[in-house]
Amino acid sequence: MSSRNNKIISCLCGGIKLKVNGPLRHVSNCHCIQCMKTHGNYSAYTNAKEKDVIFLKRGTLKWFRSSKKAKRGFCKKCGASIFFKFYGNNTISISAGMFSNPTKLKTKMNIFIKGKLDYYKLDKKLPKFNRYS
Ligand SMILES: [Zn+2]
């Protein structure tokens, strides 16, 4: 857990609005095939306690069960990919790009780098993992 950001964040159309009333974890870039296909690129997720996520609007929030272990939350109106959530876990991952400056977030690692595609380079200074850290 690293920083706080109490600003209201929203998807592109504003159908989903929330704030995080607690600490945010550093950002992990995930290169797994599911993130690639969901985001159209690798994902950049911060993470928070689910109880700290306060929804102001969520009428357009839809969940997609992306595997037996996890689901992904997106806006059914504008298509924003916002959440990744393991079932039975008290935390939730939030796309870091939903925040605005200053985010107070830092990218700390690359995960599932086996799925990395060849059109971009990894930051060599960051630790990398084949799976989770
Ligand atoms: Zn939206």
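Take 8 as the starting number for the sequence shown in my numbering and just add one per residue.
Positions of the beta carbon are idealized from the N, C-alpha and C atoms, including for glycine.
When we look at the beta-carbon of C20 and count the other beta-carbons within 10 Å, is it buried (16 or more) or exposed? The count along the sequence shown starts at 1 and reaches residue 20 at position 13. Burial check for C20: the Cβ neighbour count within 10 Å stays below 16, so the residue is exposed.
Residue span of the alpha helix (DSSP H) that contains C42, given as start and end: To locate residue 42, count along the sequence shown from 1; it is residue 35. First-last of the alpha helix (DSSP H) with C42: 40 to 46.
For the beta strand (DSSP E) holding T53, just list the boundary residues, first then last. By 1-based counting over the sequence shown, the position of residue 53 is 46. First-last of the beta strand (DSSP E) with T53: 50 to 56.
Assuming K111 contacts N36 (C-beta within less than 8 Å), just tell me the rounded distance between them. Translated into positions along the sequence shown, residue 111 becomes position 104. Translated into positions along the sequence shown, residue 36 becomes position 29. Not a contact, Cβ separation roughly 17 Å.
Any non-hydrogen atom of ligand 1 closer than 7 Å to L124 Cβ: Your numbering for residue 124 matches position 117 in the sequence shown. With a threshold of 7 Å, the Cβ atom of L124 does not count as near ligand 1, since no heavy atom of the ligand is closer than that.
Beta-carbon distances below 6 Å to any heavy atom of ligand 1 define the shell here; list its residues in chain order, please. The set of residues with any CB-heavy atom separation to ligand 1 below 6 Å comprises, in chain order, C18, L19, C20, G22, I23, T67, C82, K84, C85, A87.
Near V34, what residues of its chain come up, given a Cβ to Cβ distance below 6 Å and the 5 sequence neighbours on each side ignored? Against the sequence shown, residue 34 aligns to sequence position 27. The residues are A51, T53, A103, L112, T114.
For my contact list, N28 and I61 are in at a C-beta cut-off of 8 Å; report their separation, rounded to the angstrom. Residue numbering aside, residue 28 sits at position 21 when the sequence shown is read from its first letter. Residue numbering aside, residue 61 sits at position 54 when the sequence shown is read from its first letter. That pair is a contact at about 5 Å.
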